[in-house]
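Undergrad: First to last, the protein sequences are chains A and B.
One gets the working numbering by counting positions in the first sequence from 1 and adding 13 to each.
One gets the working numbering by counting positions in the second sequence from 1 and adding 13 to each.
By construction, the Cβ of each residue, glycine as well, lies at the ideal position given by its N, Cα and C atoms.
Number of protein chains: 2
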Amino acid sequence: MKTTKKFILTEQEMPTRWYNIIADMPNKPLPPLHPGTREPIKPEDLAALFPMGLIKQEASTERYIDIPGEVLDLYRSYRPSPLFRASALEKAIGTNCRIYYKYEGGSYAGSHKANTAIAQAYYNKLEGVKKMTTETGAGQWGTALSFACRHFGIELEVFMVRISYEQKPYRKIMMNTYDATVVPSPSELTESGRKILAEDPASPGSLGIAISEAVERAAADAEVKYSLGSVLNHVLLHQTIIGEEALLQMNKAGDYPDIVVGCFGGGSNFSGISFPFIRENLLNGNKTRAIAIEPASCPKLTRGKYMYDFGDTVGLTPLLAMYTLGHNFVPAKIHAGGLRYHGAGVLVSQLLKDGLMEARSKLQKDCFRNGVLFARSEGILPAPESTYAITGAIDEARKCDEAGIPQTILFNLSGHGHLDLSAYDKYFSEELEDHALTDKEIEESIAMIR
Amino acid sequence: MKTTKKFILTEQEMPTRWYNIIADMPNKPLPPLHPGTREPIKPEDLAALFPMGLIKQEASTERYIDIPGEVLDLYRSYRPSPLFRASALEKAIGTNCRIYYKYEGGSYAGSHKANTAIAQAYYNKLEGVKKMTTETGAGQWGTALSFACRHFGIELEVFMVRISYEQKPYRKIMMNTYDATVVPSPSELTESGRKILAEDPASPGSLGIAISEAVERAAADAEVKYSLGSVLNHVLLHQTIIGEEALLQMNKAGDYPDIVVGCFGGGSNFSGISFPFIRENLLNGNKTRAIAIEPASCPKLTRGKYMYDFGDTVGLTPLLAMYTLGHNFVPAKIHAGGLRYHGAGVLVSQLLKDGLMEARSKLQKDCFRNGVLFARSEGILPAPESTYAITGAIDEARKCDEAGIPQTILFNLSGHGHLDLSAYDKYFSEELEDHALTDKEIEESIAMIR
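1. With 9 Å as the threshold, decide whether the Cβ of Asn-383(B) is near any Cβ in chain A.
2. So, are the CB atoms of Ile-112(B) and Ile-422(B) less than 9 Å apart?
3. With which residues is Cys-276(A) paired in a DSSP beta bridge?
4. Would you report the Cα separation of Asn-40(A) and Ala-232(A), rounded to the nearest angstrom?
5. Classify Phe-20(B): buried if its beta carbon has 16 or more other beta carbons within 10 angstroms, exposed otherwise.
6. So which residues of chain B does Thr-190(A) contact, with C-beta pairs closer than 7 Å?
7. I think Leu-210(A) touches Glu-201(A), with their Cβ atoms under 8 Å apart; what is that distance to the nearest whole Å?
8. Counting only Cβ-Cβ distances shorter than 7 Å, please list the residues of the segment 106-118 of chain A near chain B, keeping chain order.
9. Could you give the distance in angstroms between the alpha-carbon of Leu-352(A) and the alpha-carbon of Leu-220(A)?
10. Would you say Ile-186(A) lies against chain B (beta-carbon separation less than 9 Å)?
11. Closer than 7 Å, Cβ to Cβ, to anything on chain A: give me those residues from the segment 413-431 of chain B, in chain order.
12. Kindly list the residues whose CB is nearer than 6 Å to the CB of Ser-458(A), restricted to its own chain and excluding five residues on each side of it in sequence; keep chain order.
13. With a threshold of 9 Å between beta-carbons, can Ile-21(B) be considered close to chain A, or not?
14. Taking Cβ to Cβ, would you say Ser-427(B) is nearer than 9 Å to Gly-119(B)?
15. From the DSSP output, in three-state form, read off Lys-18(B) for me.
16. Looking at the secondary structure, which residues open and close the alpha helix (DSSP H) in which Arg-175(A) lies?
17. Are the Cβ atoms of Gly-6(A) and Glu-307(A) separated by less than 9 Å?
18. Taking C-alpha atoms, which residue in Gln-377(A), Cys-311(A), Gly-358(A) lies nearest to Glu-454(A)?
19. What residues from chain B crowd round Ser-177(A), counting only those whose CB sits closer than 7 Å?
20. Looking only at C-alpha atoms, which of Phe-424(A), Leu-139(A), Arg-98(A) sits nearest to Phe-288(A)?
21. To the nearest angstrom, report how far apart Pro-270(A) and His-431(A) are at their CA atoms.
22. Using the Cα positions of Gly-392(B) and Pro-45(B), report the straight-line distance between them to the nearest angstrom.
23. Between which two residues does the alpha helix (DSSP H) harbouring Ser-399(B) extend?
24. Please name the residue in Tyr-136(B), Ile-35(B), Phe-97(B), Pro-95(B) whose C-alpha comes closest to that of Leu-62(B).
25. For the segment 239-277 of chain A, which segments carrying the beta strand (DSSP E) assignment without a break, of at least 3 residues, lie completely within its bounds, in sequence order?
26. Please report the residue range of the beta strand (DSSP E) in which Leu-386(A) lies.
27. Of all the residues that make up the segment 149-174 of chain A, which are near chain B by a beta-carbon distance shorter than 8 Å?
28. Rounded to the nearest angstrom, what separates Met-27(A) and Leu-241(A) at their Cα positions?
29. Looking at Leu-364(A): is its Cβ nearer than 9 Å to the Cβ of Met-38(A)?
30. For Pro-182(B), go through chain A and note every residue whose CB falls closer than 9 Å to its CB, in chain order.
31. Give the DSSP-derived three-state secondary structure of Asn-40(B) in the structure shown.
32. Can you round the beta-carbon distance between Arg-30(A) and Tyr-77(A) to whole angstroms, since I take them to be within the 8 Å contact cut?
33. Is Leu-450(B) near the ligand FMN, judged by its Cβ being under 8 Å from some heavy atom?
34. Verify the CB distance criterion: does Leu-139(A) have a CB-CB separation below 9 Å to chain B?
35. Which residues in the same chain as Ser-374(B) place their Cβ atom closer than 7 Å to its Cβ, once the five residues preceding and following it in sequence are excluded?
36. For Leu-333(A), does the count of other Cβ atoms within 10 angstroms reach 16, so buried, or fall short, so exposed?
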């Protein structure tokens, strides 16, 4: 009885290039606009926030970008990551489909966020940057960047959404352990923070506010750069190593996915697993369906509007052409903190608009139920975010079984849930709530976009 | 600049035999005694607690025991585990030694405990066992066994030391997620528990008490078997896959350890990494020093007495000839919960007595300081237990540097610390205390052995 089968790559087989999907998109995404002039932004406009190495990647149209040796070296501390056949899960749900998952929880950070954290810290170091700022919600991103910055000798200041800072202290401690400074946001350190605190001294904060604070800090100081953990083109680029590895591993399994699934917050892990397979569709006529799974309480892909919007609450970032719920949208406090973001970024939004990928929304109680089912079958306790991908994969398998056409499904298990056990406790205690949004709520939020 | 180098094995290279060190010990350990008659125990005396498959392993004198296919299948979900050259740590401490570490934190349980949990659940399943009991302190062992039992269709009841149950709820939730029942110990479910609660209704519990409860439950019900996560011969046997893999990986690194280090609680991870290297000493004349690192607050190897003692507080287990602090010894509440055990088991005790291994004790604040240094260098946040191994390795490297003779040091990083961040918080807040024992305290505790 073989219950789980693992497909591994040797270090020599690890891909050494990231894949840039812009090169192959039939319709290129609309350009980002300057928040002041509303004209297409120029590379030099971004130089206050990012090093030129990353700005070039953001605008690159090259299909492949070589991964630098120092980045590969640190990737090797946890990559290539394993790909598993989910035999025990298949048995538990009684499907005739073949389900596989790529597991990114083995990194020092416990999630896929390390893939871009390492790259971003590296390019900053290359240009002599000594200090960076970023924001974090539940803390996966902040954790990943904390060690990457420490490794490359860069000081890091993390604006952490205040309610997470207070309710989930462990991620903060982990960032401190890696030597980062963690500031609850909104804070008195920035004009953005002070303005919000003046209006509401008890503000619980939000990802949008924390981005405003981190961006403001970097914009105000020529010595400081800013870093974002999702949404932007260069971030999604760095995550494509996931899908490039998965392509090689599916080949070792003698199989190929009909469906690829990832959970969706700002797009980084979904893009990582799916873009290389979308490339195979575009260039080689393959027919893999790429499906993003978002929370029903934050449904920008399935119910948002495609338009120019800010990436942050205050309106300091460039305007991005994307599916959005409005930059003032405050998602319900679901436990998949990494999925609570109002916009989808330009690459994924254009792909969705062009029918090159699909999207579904799921309720958190269903996702936790499937997360427990997965843990009891496969052993790995999934991060709350990853339970959305599990749920998407199970739902697709059931649809295939109903149609009598078993298919091959691959999903990305973006992280483990060892730091999220309080959320599982709430699930077992039946304290979790599902949040369905009315059309009116969504319309009102979108109408607030300036 | 190569910063970290990883040495991996393919699945095909994974060892398929456990190593039984009894076969090669120049002096065999003294036999366990029946707690009632104090005569050498017979296999059938143990049949109430363990399946025959494990009893046979406990008494086996065969050098190698084949790992069953179903156990190998589940091992493959996280094995072979990686071995790393700790280049960044070497640089951080400025040593001329070469330091390597084997990393066992990639398992579903986050530690090496999965290696024996899977094997024990398998042998129980093979003999039709439907329910098992065990104890757990901080919860690593209980977590590992919970999923293993679930996988093999066995119900599990875990007696968890009450103070951990109350202060560290996350491990309990994780065990629940894997479908185990977790009972705070002392409990009203057993005579042992009721007796202790009658004396002290607010008893915080101890590992010794929890063992008494779990053993009593299994002894009282022919349908129920008991499982222990360390100390016993068959448990140490199962962990030898760690060292067998490390031998192959050191060979791939073109190196061989002069010193092997593991932290020490009941002996399972230390034995796992070191026994195969001790075999090479005994059979092939190699000269690797094997060093166990225990907490200064629980120093059975360095300050305990070699004598027959019970494995539990109440005195229900067989008597074992071992270094012990006395079965009533209650170690200070250091955060390395897995190292808080009064005895050392018969194999390690005999090896230490015969000078075939060494032992050192360390203070927890030093260990946490080195744990933080390790995290900031190598990225992986270590479990509090593993910080003792890190400290042992660093201390040996410094001694080598002082002597001007750089050596090769290998240590076992037994688990990650993602569930132990509150302990790191206390370290940073300077709330940790070091506990040195007086000779009188140790003498009094040993004098209480019946």
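TA: From the atom records:
1. no
2. yes
3. Ile-306(A)
4. 32 Å
5. buried
6. Val-385, Ala-388, Leu-394, Tyr-437
7. 7 Å
8. none
9. 10 Å
10. yes
11. His-431
12. Leu-338, Gly-339, Phe-342
13. yes
14. no
15. strand
16. 175-180
17. As shown, chain A starts at 14 and ends at 463. That puts residue 6(A) outside it, with no answer to give.
18. Cys-311(A)
19. Within chain B, no residue comes near Ser-177(A); the closest Cβ sits about 14 Å away, beyond 7 Å.
20. Phe-424(A)
21. 29 Å
22. 43 Å
23. 397-416
24. Tyr-136(B)
25. 272-276
26. Careful: Leu-386(A) lies outside any beta strand (DSSP E), inside the alpha helix (DSSP H) at 377-391.
27. Phe-160, Arg-163, His-164
28. 25 Å
29. yes
30. Leu-434, Ser-435, Asp-438
31. coil
32. 4 Å
33. For the structure depicted, the ligand FMN is absent and the ligand set is empty, with no information on it obtainable.
34. no
35. Glu-307, Pro-308, Ala-309, Pro-312, Thr-315
36. buried
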